[in-house]
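See structure below.
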Amino acid sequence: MEQLEQQTNNETDEQEYFTILPNKIFDSGFSHTMFLVMAWLYRRADWKTGQVKYVTAEVIATQMNATEGATPADVFRIRREFQRAMQTLEEHGWIFRHITKGKHGWFWVTIHNYSCKVGALMGQVLNPSTITPYTKYQAPSVHEASMKRPRSVHEASTKRP
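For the sequence shown, our numbering gives the first residue as 11, with consecutive numbering after it.
Right under this line is the structure:
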């Protein structure tokens, strides 16, 4: 925990201005939790390498206020949801979690296709990887949604199987 506090206190000037989230994250069809994980990772990523140190699902959930006011059972469920979100992001090529098998606690994450923000590599894409589409939560296009006529309450109640 001290390491995380030290990292937060020692942020460089370039990290204090803003967080850049690429448009591909907004257009990806992520679940709410997956989006929160990516936003948290981009916020804490080293601008020169695209890597994030001291990552756990519990820390992300807590810092994104997902566990505020939750019961202990809900905190466990929420932490598992954030773990599954990170696993799904890794399966689809968005991140790589550097986890040591059998070890509990902190690990570091590499964000794939990270655009370098400062230094000699500025503007270059770091950690290139093929990203497979994630469509589980993909919203229908405006055209598809406008083509469907909503059923009335009367039609739903009188329709027989």
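A virtual CB, placed ideally from N, CA and C, is assigned to each residue, including glycine.
These numbers come from a predicted model, not from an experiment.
Within the same chain, Cβ atoms closer than 8 angstroms to the Cβ of P138 are found at H122, N123, the five residues on either side in sequence being excluded. With a 10 Å radius around the Cβ and a threshold of 16 neighbouring Cβ atoms, T43 comes out buried. Going by C-alpha positions, K111 is about 13 angstroms away from W118.
A direct Cα-Cα distance of roughly 25 angstroms separates I35 from A130. Contact check for A95 and I88: beta-carbon distance about 11 angstroms, past the 8 angstroms limit, so the pair fails to qualify.
In this structure A71 is buried. Its beta-carbon is surrounded by 16 or more other beta-carbon atoms within 10 angstroms.
Residue range 67 to 73 is occupied by the alpha helix (DSSP H) that includes T72, with no beta strand (DSSP E) assigned at that position.
Just measuring C-alpha positions, the residue of D37, H114, R53 sitting nearest I30 is R53.
Bounds of the alpha helix (DSSP H) holding F92 are 82 to 101. Here DSSP, grouped into helix, strand and coil, assigns T43 to helix. Sequence-distant partners of I109 (beyond 5 residues in either direction) whose C-beta falls short of 7 angstroms from its own C-beta, in its chain, are F117.
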